[in-house]
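Note sheet for the following structure.
In our numbering, the protein residues as written are 1497 to 1645.
As structure tokens, this is what we get:
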């Protein structure tokens, strides 16, 4: 168990990582010529475990359905998202990132991903296991906080 000082240091570093993540999203948006909310929307669509519709996206981004529709229309027009009928419910529309959006994002993130891979490669298997467990628990705690809101 971490002592009080180590726990404070870890909490501080987590805040720095979260801030760096927000800054990274802004940098990615600039590189792709998008708005930060556009990048956040693409991230939600790509990383969601199940299909995301425009309403789901608006809810996840904390915006009205009208604002979400404008955002989706903009990303579809720019060739970053496509709309499809939900396989389980044909009345529902789901969103998918286009191959163009995926390849453009991957190329823009390549230097960052290479740097993170270099850091990860320095971990021995036991360290990697501890880091994975810690990050998983932090992510679950953050999701639980969001669900309580």
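Note that beta-carbon positions come from the ideal geometry of N, C-alpha and C, so glycine has one too. Note that the coordinates shown come from a computational prediction; the quantities given were computed from them, not determined experimentally.
{"query": "Pairwise C-alpha distance: residue 1586 and residue 1624", "result": "43 Å"}
{"query": "Enclosing alpha helix (DSSP H) for residue 1596 [first to last residue]", "result": "1595-1617"}
{"query": "Expected contact under 8 Å - CB spacing of residue 1541 and residue 1592 to nearest Å", "result": "7 Å"}
{"query": "Residues bridged to residue 1580 (per DSSP)", "result": "1590"}
{"query": "Beta-carbon contacts of residue 1553 that lie in its chain and below 8 Å, excluding the five residues immediately before and after", "result": "1537, 1540, 1541, 1564, 1567, 1568, 1591"}
{"query": "Residue 1583 classed as buried or exposed, judged by whether at least 16 other C-beta atoms fall within 10 angstroms", "result": "exposed"}
{"query": "8 Å Cβ cutoff met for residue 1594 and residue 1575", "result": "yes"}
{"query": "Cβ-based burial, residue 1607 [other Cβ within 10 Å; buried from 16]", "result": "exposed"}
{"query": "Pairwise C-alpha distance: residue 1596 and residue 1548", "result": "19 Å"}
{"query": "Distance between residue 1581 and residue 1518 (C-alpha atoms, nearest Å)", "result": "32 Å"}
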